[in-house]
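For the sequence shown, the working numbering gives the first residue as 231, with consecutive numbering after it.
Using N, Cα and C, we set each Cβ at its ideal position, and we do this for glycine too.
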Amino acid sequence: MERAIAQISTNHVIGDIFRLVRSAARNYGAVRHSYHFTPIFHSQTSEETVVDSAGFPPHWISLYEDRSFRTHDPIPDYIMGRGELLRWSTAIEETVARGTDEKVLQYFQAMRDSGLVHGIGIPVFGPRNRNAYMSYGFDDPRAIDDSDACSALRAIAQAAHTQICLLQDRRSDHVILSAREKQVLEWIARGKSNTDIADILNISPDTIATYVKRLFLKLEARERVGATIKALRMGLISL
């Protein structure tokens with residue numbers, strides 16, 4: 231764990247930080263991971279939330295990218311309200327016990343249908359109320375009973391969020407985007423592929439690829455989520 235935290239805390243590329251988190255998580259039995267980057271004081275599943283995820287079934291990722299579906303997920307906000315590591319199952323049980331609507335119950339059923347049963351959610355905290363939610367999913371339920379593993383995963387999650395917050399503060403104040411670059415970036419932030427964006431803007435995929443490379447260069451990013459996080463922090467786009 232100490233090595234993973236040291237690597238995360240000295241890395242200056244957001245995409246690399248995510249990869250380090252995933253690699254470390256696998257050592258503790260976690261086969262899927264998600265990180266919710268959310269504007270201050272917004273819900274962790276709001277339409278403005280940008281989610282980085284890995285290991286989830288493709289059909290689930292497609293579902294969750296639909297912001298109208300995502301807003302019925304009560305787990306992140308519930309765990310953030312509790313302020314502590316919590317199992318998905320506990321969050322679900324307590325949410326149902328308090329009473330909820332049919333859309334939320336359908337969301338829980340969709341989780342079960344997708345095999346998303348065993349997992350933990352972790353609130354992570356940053357400066358100036360820049361808090362976030364991270365989750366880990368497991369195929370083997372025994373991993374959740376390992377308190378040392380869960381503690382290590384919580385420490386890794388917090389280290390990653392802290393470093394991401396620090397990188398956001400080291401932003402350049404001189405990034406200027408053209409109108410077209412801003413359009414492309416806004417669609418990237420909404421989870422659209424290059425092909426999707428090309429169709430929406432009625433220009434060629436090769437041209438979109440050129441815009442994406444240019445955006446990565448200007449934002450000093452290597453992948454789409456990192457570019458989105460930086461752009462939101464700098465106020466270059468809004469969702």
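Residue i classed as buried or exposed, judged by whether at least 16 other C-beta atoms fall within 10 angstroms
i: A236; result: exposed
i: V280; result: buried
i: H242; result: exposed
i: S423; result: exposed
i: V326; result: exposed
i: S283; result: buried
i: Q374; result: Sequence check: residue 374 is Ile here, not Gln. I374 comes out buried.
i: I202; result: The requested residue 202 does not occur in the structure, where the chain is confined to residues 231 to 469.
i: L447; result: exposed
i: T425; result: exposed
i: T440; result: exposed
i: T268; result: buried
Contact check, residue i vs residue j, beta carbons under 9 angstroms
i: H266; j: A255; result: no
i: I309; j: L315; result: yes
i: A340; j: M364; result: no
i: D376; j: H348; result: no
i: G421; j: E324; result: no
i: Y337; j: F286; result: no
i: E411; j: G245; result: no
i: P304; j: V334; result: yes
i: I270; j: Q393; result: no
i: V479; j: V455; result: The structure shown does not extend to residue 479, since the chain is modelled only from 231 through 469, so no value can be given for it.
i: A419; j: T458; result: yes
i: S468; j: E278; result: yes
i: K460; j: L397; result: yes
Residue closest to residue i, alpha-carbon to alpha-carbon, out of the options
i: H404; options: S273, L449, D282, F248; result: L449
i: R233; options: I244, R300, V251; result: V251
i: P355; options: P304, L466, A389; result: The sequence as given places Phe at residue 355; Pro does not occur at that position. Nearest of P304, L466, A389 to F355, Cα basis: A389.
i: G367; options: A379, V442, M231; result: A379
i: P306; options: R452, D296, P371, I352; result: I352
i: E416; options: T392, T440, L445; result: L445
i: C395; options: I406, P357, L383; result: P357
i: N359; options: S273, A409, V442; result: S273
i: A260; options: A439, R342, S276, I350; result: I350
i: G311; options: L383, E277, A362, S381; result: A362
i: T275; options: N257, R297, T320, W290; result: R297
i: W290; options: L346, I438, A461, T425; result: L346
i: R317; options: R384, T330, I438; result: R384
i: G465; options: R342, A382, D399; result: D399
i: Y258; options: A382, D429, P435; result: A382
i: F248; options: I438, S434, H391, S319; result: H391
i: L293; options: D343, T320, G329, T240; result: D343
i: H302; options: T330, N432, L462, P288; result: T330
Helix, strand or coil at residue i according to DSSP, with G and I counted as helix
i: A451; result: coil
i: S468; result: coil
i: Y363; result: strand
i: I433; result: coil
i: V354; result: strand
i: G245; result: helix
i: G311; result: helix
i: V486; result: Residue 486 is absent from the structure shown; the chain starts at 231 and stops at 469.
i: L316; result: strand
i: S377; result: helix
i: V405; result: coil
i: F219; result: The chain is shown from 231 up to 469; residue 219 falls before or after that span and cannot be answered.
i: S239; result: helix
i: V347; result: coil
i: H263; result: strand
Residue i CB to nearest heavy atom of the ligand FMN below 8 angstroms
i: D426; result: Looking for the ligand FMN in the displayed structure turns up nothing, as the structure carries no ligands at all.
Short CB-CB distance (under 9 angstroms) between residue i and chain B
i: D307; result: Absent here is chain B; the protein component of the structure consists of one chain.
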